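First comes the structure, then the notes that go with it.
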Amino acid sequence: MLNLLLAIVVSASIDSTTLMLGDQTDLHLRVTHEKSEQVEMPNFGDQLQDGIEIVDKTIVDTLALKDGRVQLDQYLTLTCFKDSLFSVNPIAVVSGEDTFWTDPLALNVVQPFEVDTTLAITDIKDIEKAPIWWWGIIRWVLLGLLLAGLGVGAYYLVRWYLKNRKETEEAPIDPELLRPADEVALEKLDAIKAAKIWKDGKIKEYQTELTDVVREYISRRFDVQSTEKTSDETLKELKPLLVNGNLSLVIGDGKDLYGKLSKMLQLADLVKFAKWHTTPDENELALTTAYDFVKETTTPPQPSPQGRETETPQS
Numbered sequence: 001m002l003n004l005l006l007a008i009v010v011s012a013s014i015d016s017t018t019l020m021l022g023d024q025t026d027l028h029l030r031v032t033h034e035k036s037e038q039v040e041m042p043n044f045g046d047q048l049q050d051g052i053e054i055v056d057k058t059i060v061d062t063l064a065l066k067d068g069r070v071q072l073d074q075y076l077t078l079t080c081f082k083d084s085l086f087s088v089n090p091i092a093v094v095s096g097e098d099t100f101w102t103d104p105l106a107l108n109v110v111q112p113f114e115v116d117t118t119l120a121i122t123d124i125k126d127i128e129k130a131p132i133w134w135w136g137i138i139r140w141v142l143l144g145l146l147l148a149g150l151g152v153g154a155y156y157l158v159r160w161y162l163k164n165r166k167e168t169e170e171a172p173i174d175p176e177l178l179r180p181a182d183e184v185a186l187e188k189l190d191a192i193k194a195a196k197i198w199k200d201g202k203i204k205e206y207q208t209e210l211t212d213v214v215r216e217y218i219s220r221r222f223d224v225q226s227t228e229k230t231s232d233e234t235l236k237e238l239k240p241l242l243v244n245g246n247l248s249l250v251i252g253d254g255k256d257l258y259g260k261l262s263k264m265l266q267l268a269d270l271v272k273f274a275k276w277h278t279t280p281d282e283n284e285l286a287l288t289t290a291y292d293f294v295k296e297t298t299t300p301p302q303p304s305p306q307g308r309e310t311e312t313p314q315s
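Start counting the sequence shown at 1; every next residue gets the next number (this note's numbering).
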């Protein structure tokens, strides 16, 4: 199996020397040489020789050995469809002007069954149907449904957006929002004062209407969404504005005004949620507090460029 000279060693071996018809086996070609030697490996085609086909071949693997030599390895995958005993021809490796040959090998290809020549030619095996890849089909169906769902969702989202934008653009502006906040609040307080429904025993309705007017005024005047907050939350946001002096008041004391507003809101909560019965004086005081709060927190009038006083529009 070895062809040994002073500098180059060439060898070839087959994994299995007996092969069933149509099966495959590997041929291993190895060359060992000095680093100074230039070796040209064989250029294999589709056949090793007549009757022996090359199914696949690896690239030449180069390995540096510890003794300073170089080892070259290549594998050929062989197959054969002819029932015969083959003598594998020696393989040539060229280095300069010299050619080195592997020893000849034997390959016995065996047919595992007898062929009845009296029968018509048939396939070796029946035609097999490929199994259906159900998971792949389901995955593509689910992907299609997902994309369709996203498309439908995007369509209705765009329709909803356009519809709401159109309704917003076409919605009429509440006339009260175009008027100063204190003017609207005082008108509503005048109406509550004229009705005096608490005298008819409608104390809860009276306190609710009164605090609703004050909360709407706070929402517009101070940009505090009082209509959506509890009394404690409203007072917490108003305190820095009234008590700490961050708000320019027309008249009165901010701390005192904050205390009166706090008592009015707390009294209204007791009436609405604890069924508290107020006295006539408490009802009158609550209305007076609402009037004072609106009047004393009205935005001061600003002088016009011509020296005349003008009122700053409310939000």
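Where is the CB? At the ideal position from N, CA and C, for every residue including glycine. All values reported here derive from a predicted model rather than from experimental measurement.
Whole runs of the beta strand (DSSP E) within the stretch 82-139, excluding any shorter than 3 residues: Listed in chain order, they are 84-88, 92-95, 98-101 and 105-110.
Asn164: buried (16+ other C-beta within 10 angstroms of its C-beta) or exposed? Taking the sequence shown and counting its residues from 1, the one referred to as residue 164 is at position 164. Asn164 should be labelled exposed.
Residues that DSSP places opposite Tyr291 in a beta bridge: Stepping through the sequence shown from its first residue, residue 291 is reached at position 291. DSSP lists no bridge partner for Tyr291.
Pick helix, strand or coil for Leu65, following the three-state DSSP scheme. If you number the sequence shown from 1, residue 65 lands on position 65. In the three-state scheme derived from DSSP, where H, G and I count as helix and E and B as strand, Leu65 is classed as coil.
When Glu40, Gly254 and Leu267 are compared against Asp232, the one with the closest alpha-carbon: What you label residue 232 is simply residue 232 of the sequence shown in a count that begins at 1. Sorting Glu40, Gly254 and Leu267 by C-alpha distance to the C-alpha of Asp232 places Leu267 at the top.
Taking Cβ positions, are Leu76 and Ser87 nearer each other than 9 Å? The count along the sequence shown starts at 1 and reaches residue 76 at position 76. The count along the sequence shown starts at 1 and reaches residue 87 at position 87. Between Leu76 and Ser87, the C-beta gap is not smaller than 9 Å, which leaves the two residues out of contact.
Integer Cβ distance of Ile203 from Val152, believed to fall under 8 Å: Position 203 of the sequence shown holds residue 203. Position 152 of the sequence shown holds residue 152. The distance from the Cβ of Ile203 to that of Val152 is about 54 Å, inconsistent with a contact at the 8 Å cut-off.
By Cβ distance, which residues of its chain are closer than 7 Å to Gly51, with the 5 residues on each side in sequence left out? Locating residue 51 in the sequence shown gives position 51, counting from the first residue. Cβ neighbours of Gly51 beyond the five flanking positions: Cys80, Lys82, Ser84 and Phe86.
Buried/exposed call for Asn43, threshold 16 Cβ in 10 Å: Taking the first residue of the sequence shown as position 1, residue 43 is located at position 43. Exposed is the call here.
Give me the DSSP bridge partner(s) of Lys57. Taking the first residue of the sequence shown as 1, we reach residue 57 at position 57. Per DSSP, the beta bridge partners of Lys57 are Leu76.
Counted within 10 angstroms of its Cβ, other Cβ atoms place Gln207 as buried (16 or more) or exposed: Taking the sequence shown and counting its residues from 1, one reaches residue 207 at position 207. The residue is buried, with at least 16 neighbouring Cβ atoms inside 10 Å.
Can you grab the Cα-Cα spacing for the pair Gly254 / Gly201, in whole Å? Position 254 of the sequence shown, counting from 1, holds the residue named residue 254. Position 201 of the sequence shown, counting from 1, holds the residue named residue 201. Distance between Gly254 and Gly201, taken at the CA atoms: about 33 Å.
Span separating the alpha-carbon of Lys35 from that of Asp73: For the purposes of this step, residue 35 is taken as the residue at position 35 of the sequence shown. For the purposes of this step, residue 73 is taken as the residue at position 73 of the sequence shown. Roughly 15 Å separates the two Cα atoms.
How would you label Val350, buried or exposed, when you count the other beta carbons within 10 angstroms and need 16 or more for buried? In the structure as shown, the chain starts at 1 and stops at 315, and residue 350 therefore has no counterpart that could be examined.
Pair within 9 Å by beta-carbon distance, Ala181 and Arg220: In the sequence shown, residue 181 corresponds to position 181, counting from 1. In the sequence shown, residue 220 corresponds to position 220, counting from 1. Closer than 9 Å, so yes.
Between Phe293 and Trp276, what straight-line distance do the alpha-carbon atoms span, to the nearest angstrom? Along the sequence shown, read from residue 1 onward, the residue named residue 293 stands at position 293. Along the sequence shown, read from residue 1 onward, the residue named residue 276 stands at position 276. One C-alpha to the other measures close to 23 Å.
Inter-residue Cα distance where the pair is Asn108 and Ser16: Sequence index remark: in the sequence shown, residue 108 carries index 108 (1-based). Sequence index remark: in the sequence shown, residue 16 carries index 16 (1-based). Going by the C-alpha atoms only, they are around 9 Å apart.
Rounded C-beta distance between Ser95 and Val39? I'm assuming under 8 Å. To locate residue 95, count along the sequence shown from 1; it is residue 95. To locate residue 39, count along the sequence shown from 1; it is residue 39. Taking C-beta atoms under 8 Å as the contact rule, Ser95 and Val39 qualify, at a distance of about 5 Å.
Output the distance between the C-alpha atoms of Val60 and Pro90, rounded to the nearest integer angstrom. If you number the sequence shown from 1, residue 60 lands on position 60. If you number the sequence shown from 1, residue 90 lands on position 90. Cα-Cα distance, rounded: 18 Å.
Secondary structure at Glu34, three-state DSSP: helix, strand or coil? Looking up residue 34 in the sequence shown gives position 34. Looking at Glu34 - three-state DSSP - the assignment turns out to be coil, as it is neither helix nor strand.
How should Val141 be labelled, buried or exposed, when 16 other C-beta atoms within 10 angstroms of its C-beta is the threshold for buried? As a first step, residue 141 is located in the sequence shown; it is residue number 141 there, counting from the start. Exposed, because fewer than 16 other Cβ atoms sit within 10 Å of the Cβ of Val141.
When you compare each of Glu209, Val243, Thr298 and Pro240 to Met264 by their alpha carbons, which one comes out closest? Against the sequence shown, residue 264 aligns to sequence position 264. Nearest to Met264 by alpha-carbon distance, out of Glu209, Val243, Thr298 and Pro240, is Glu209.
For Glu233, which residues does DSSP report across the bridge? The residue given as residue 233 occupies position 233 in the sequence shown. Looking at the DSSP assignment, Glu233 forms no beta bridge with any residue, so it has no partner.
Length of the line joining the Cα atoms of Glu37 and Met20: In the sequence shown, the residue the question calls residue 37 occupies position 37. In the sequence shown, the residue the question calls residue 20 occupies position 20. Their Cα atoms are separated by approximately 40 Å.
Own chain residues within Cβ distance below 8 Å of Tyr291, not counting five before or after: For the purposes of this step, residue 291 is taken as the residue at position 291 of the sequence shown. Non-local beta-carbon contacts of Tyr291 in its own chain, meaning distances under 8 Å to residues more than five positions away in sequence, involve Leu186 and Leu189 in chain order.
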